[in-house]
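Novice: Can you read through this structure? Questions will come right after.
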């Protein structure tokens, strides 16, 4: 019996590595076939494969970053998928019409969207704040997630990055099946039929580049995988997800809430999103949050076997609770 168990334990890592190797080969092969393979792709694939190889040794850390590896891979593969869904009509006018009806700002020339209004009410201070918010929102999210997971060791904190993956997968699916134009596109190309060859632009974020004499946003948006992915706004959804977990964990609430409000402002101020996009992104965040918490109750497999140990104390016994998705075993104290 023990020999059989040992053999099965040895087979699982080999199977895992074999599957990961096939996925990495497909990823690199797809980029090579399209002529887009770069050193960055090779390094990314190597890091992912190394993480799988070291899963048993670095399980807590690997399971924390694994959803992000998947997220980055799927985002990059959108370049291939977008070219195959061009037959799906791009919705240019719908969001603009809804935005005017629900959030339109009266002006001397008629109602305009908040994004359009901001383009005539700019300031260097807001350019700096909003640009930094757009650059740093994901880093802020990951720092908070790491603090909850490895610093405070909050119950279910290992679910944060898995919720991030669900949020983005849902968002990418909508971007591909219901493509929508951002406000900067409407300003440049109008509300007519979509110009499918339109390149991605940094829009209002170019003011941040000009202010600091850099080309961060210009370079970043040149490499964007999908121009018509305005709704839902994953910038707003991502940071709102941090707000949900911050209030659950009772930690970093002010930081998360402030970051969310600034990103909401930045999304419109930089002419990247309508308010409607942000609201839909927040709804997706709530959905991802609810799914990981609900799914954790019935998830049958332990994705981590690194228990958090605490010493026994007099008059107190330990009670083992169910394992949680992607996390360590939980042990709580109960009075006898």
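In the numbering used here, the protein residues as written are 504 to 839. C-beta atoms are modelled at their ideal positions from N, C-alpha and C, and glycine is treated no differently. A quick note: this is a predicted structure, and the numbers were derived from the prediction, not measured.
Please report how far the alpha carbon of residue 795 lies from the alpha carbon of residue 759, in whole angstroms.
Specialist: Here residue 795 corresponds to residue number 292 of the chain shown, with the count starting at 1. Here residue 759 corresponds to residue number 256 of the chain shown, with the count starting at 1. Residue 795 and residue 759: Cα-Cα distance of roughly 20 Å.
Novice: Using the C-alpha atoms, what's the distance from residue 660 back to residue 523?
Specialist: Here residue 523 is taken as the residue at index 20 of the chain shown, counted from 1. Here residue 660 is taken as the residue at index 157 of the chain shown, counted from 1. One C-alpha to the other measures close to 26 Å.
Novice: Kindly indicate which residue of 577, 569, 775 has the alpha-carbon position closest to the one of residue 634.
Specialist: Taking the chain shown and counting its residues from 1, one reaches residue 634 at position 131. For the residues 577, 569, 775, the minimum Cα distance to residue 634 belongs to 775.
Novice: Where does residue 624 land, buried or exposed, given buried means 16+ other C-beta within 10 angstroms?
Specialist: As a working mapping, residue 624 is identified with position 121 in the chain shown. Exposed, because fewer than 16 other Cβ atoms sit within 10 Å of the Cβ of residue 624.
Novice: In three-state terms, what does DSSP make of residue 751?
Specialist: Here residue 751 corresponds to residue number 248 of the chain shown, with the count starting at 1. The answer is helix: DSSP assigns residue 751 an H, G or I state.
Novice: Near residue 594, what residues of its chain come up, given a Cβ to Cβ distance below 6 Å and the 5 sequence neighbours on each side ignored?
Specialist: Counting from one through the chain shown, the residue named residue 594 turns up at place 91. The residues are 683.
Novice: Is DSSP giving residue 563 helix, strand or coil here?
Specialist: Residue numbering aside, residue 563 sits at position 60 when the chain shown is read from its first letter. Residue 563 falls in the helix class under three-state DSSP.
Novice: Out of 610, 715, 551, 648, point me to the one whose CA is closest to residue 631's CA.
Specialist: Sequence index remark: in the chain shown, residue 631 carries index 128 (1-based). Ranking 610, 715, 551, 648 by Cα distance to residue 631 puts 715 first.
Novice: Check whether the stretch 734–748 and the stretch 777–785 are in contact - that is, three or more C-beta pairs closer than 8 Å.
Specialist: Touching, yes, given that three or more Cβ pairs across the two stretches are closer than 8 Å.
Novice: Taking 7 Å as the cut-off, decide whether the C-beta atoms of residue 777 and residue 602 are in contact.
Specialist: The count along the chain shown starts at 1 and reaches residue 777 at position 274. The count along the chain shown starts at 1 and reaches residue 602 at position 99. Taking 7 Å as the Cβ cut-off, residue 777 and residue 602 qualify as a contacting pair.
Novice: Would you identify the three-state DSSP class for residue 614, choosing helix, strand or coil?
Specialist: Mapped onto the chain shown, residue 614 falls at position 111. Correct three-state label for residue 614: strand.
Novice: May I ask you to report which of helix, strand or coil DSSP gives residue 810?
Specialist: Numbered from 1 along the chain shown, position 307 holds the residue referred to as residue 810. Per-residue confidence for residue 810 stands at a pLDDT of 42, beneath the threshold of 50, marking its modelled position as unreliable; the derived number appears in the next sentence. Reduced to three states, the DSSP call for residue 810 is coil.
Novice: Given a cut-off of 7 Å on the beta-carbon distance, is the pair residue 781 and residue 765 in contact?
Specialist: Taking the first residue of the chain shown as 1, we reach residue 781 at position 278. Taking the first residue of the chain shown as 1, we reach residue 765 at position 262. No, the pair does not count as a contact, with Cβ atoms beyond the cut-off.
Novice: Kindly list the residues whose CB is nearer than 6 Å to the CB of residue 747, restricted to its own chain and excluding five residues on each side of it in sequence; keep chain order.
Specialist: Here residue 747 is taken as the residue at index 244 of the chain shown, counted from 1. Only 792 meet the Cβ criterion.
Novice: Is the beta carbon of residue 570 less than 7 Å from the beta carbon of residue 665?
Specialist: On the chain shown, position 67 is the one that residue 570 refers to. On the chain shown, position 162 is the one that residue 665 refers to. Yes, these two residues count as a Cβ contact at 7 Å.
Novice: Under the rule that 16 or more other beta-carbon atoms within 10 Å means buried, what is residue 798, buried or exposed?
Specialist: Here residue 798 is taken as the residue at index 295 of the chain shown, counted from 1. Exposed.
Novice: I want to know whether the stretch 642–656 touches the stretch 551–562 - three or more CB-CB distances under 8 Å.
Specialist: No, they do not touch.
Novice: In whole angstroms, give me the CA-to-CA distance for residue 757 and residue 745.
Specialist: Against the chain shown, residue 757 aligns to sequence position 254. Against the chain shown, residue 745 aligns to sequence position 242. About 11 Å.
Novice: Between residue 577 and residue 672, which are expected to be in contact by the criterion C-beta below 8 Å, what is the C-beta distance as a whole number of angstroms?
Specialist: What you label residue 577 is simply residue 74 of the chain shown in a count that begins at 1. What you label residue 672 is simply residue 169 of the chain shown in a count that begins at 1. Yes, they are in contact, since the Cβ atoms of residue 577 and residue 672 sit about 7 Å apart, within 8 Å.
Novice: From residue 580 to residue 535, what distance separates their C-alpha atoms?
Specialist: Locating residue 580 in the chain shown gives position 77, where the first residue counts as 1. Locating residue 535 in the chain shown gives position 32, where the first residue counts as 1. Cα-Cα distance, rounded: 12 Å.
Novice: Which class does residue 732 belong to by DSSP, given the choice of helix, strand or coil?
Specialist: Here the question's residue 732 lines up with position 229 in the chain shown. The answer is strand: DSSP assigns residue 732 an E or B state.
Novice: Please determine, among 643, 679, 610, the residue with the shortest C-alpha to C-alpha distance to residue 735.
Specialist: Taking the first residue of the chain shown as 1, we reach residue 735 at position 232. Nearest option by C-alpha distance: 679.
Novice: Which two residues bound the contiguous alpha helix (DSSP H) that contains residue 557?
Specialist: Within the chain shown, residue 557 is the residue found at index 54, counting from 1. Taken as a continuous stretch (DSSP letters only), residue 557 belongs to no alpha helix (DSSP H), as it is neither H nor E.
Novice: Helix, strand or coil, according to DSSP, for residue 608 in the structure here?
Specialist: Mapped onto the chain shown, residue 608 falls at position 105. In this structure, residue 608 counts as strand in the three-state DSSP scheme.
Novice: Would residue 517 be called buried (16 or more neighbouring beta carbons within 10 Å of its own) or exposed?
Specialist: Your numbering for residue 517 matches position 14 in the chain shown. When all chains shown are included, residue 517 counts as exposed.
Novice: Is DSSP giving residue 683 helix, strand or coil here?
Specialist: Taking the first residue of the chain shown as position 1, residue 683 is located at position 180. In the structure shown, residue 683 sits in a strand (DSSP, three-state: E or B).
Novice: Flag this pair as touching only if the stretch 609–627 and the stretch 682–696 have three or more C-beta atom pairs under 8 Å; answer yes or no.
Specialist: Contact between the stretch 609–627 and the stretch 682–696 is present, because at least three Cβ pairs lie under 8 Å.
Novice: By alpha-carbon positions, which one of 761, 728, 708, 707 ends up nearest to residue 700?
Specialist: By one-based count along the chain shown, residue 700 stands at place 197. Comparing Cα positions, the closest option is 728.
Novice: Have a look at residue 547 and residue 527 and give me their C-alpha separation to the nearest angstrom.
Specialist: Locating residue 547 in the chain shown gives position 44, where the first residue counts as 1. Locating residue 527 in the chain shown gives position 24, where the first residue counts as 1. Each residue's Cα considered, the two are about 9 Å apart.
Novice: Quick one: residues in its chain with C-beta nearer than 8 Å to the C-beta of residue 718, no 5 flanking neighbours on either side, listed in chain order?
Specialist: Residue mapping note: residue 718 aligns to position 215 of the chain shown, counting from 1. Around residue 718: 712.
Novice: Kindly list the residues whose CB is nearer than 7 Å to the CB of residue 640, restricted to its own chain and excluding five residues on each side of it in sequence; keep chain order.
Specialist: Translated into the one-based positions of the chain shown, residue 640 becomes position 137. Counting only Cβ-Cβ distances below 7 Å, and skipping sequence neighbours, we find 738, 741, 742, 762, 766.
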